[in-house]
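In the working numbering, the protein residues as written are 1478 to 1615.
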């Protein structure tokens, strides 16, 4: 029952975001060379299509088309010029998707910290930042 309520809430947010922010959508491609956490799901290394629609981001495996959960984000601005790409926090052997940076500006979308990442961070492990450059825009 709880998962059904969550699905309904996400569907409502997705519908509202899609209608209100249609002009701000973007499809990006990246090859991620390691397994990583996207929201509460562990994703395998591989090539991904990233669909950004306002506050929402959807990852899809390029080969199989399998979807990750829809992820809520917050807007961020970089004070330094940077390449478009994905930022990850790396704790030991676990990677967590942190942000997506736009190919056309210094703006990005930052992902909310998950319960798993908070748990790992409480162990006192200092995260190392890892970056993946976007392969292309679609």
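Glycine included, every Cβ here is placed at the ideal spot set by N, Cα and C.
Small disclaimer: the values here were computed from a predicted structure and weren't measured.
Shortest Cα-Cα distance from residue 1579 to any of 1610, 1565, 1569, 1602 involves 1610. The three-state reading of DSSP puts residue 1592 in helix, counting H, G and I together. For residue 1549, the enclosing beta strand (DSSP E) begins and ends at 1544–1554. Each of 1521, 1555, 1532 was checked against the Cα of residue 1540, and the nearest Cα belongs to 1521. Cβ contact annotation for residue 1527 (same chain, cutoff 6 Å, sequence separation greater than five): 1505, 1536, in chain order.
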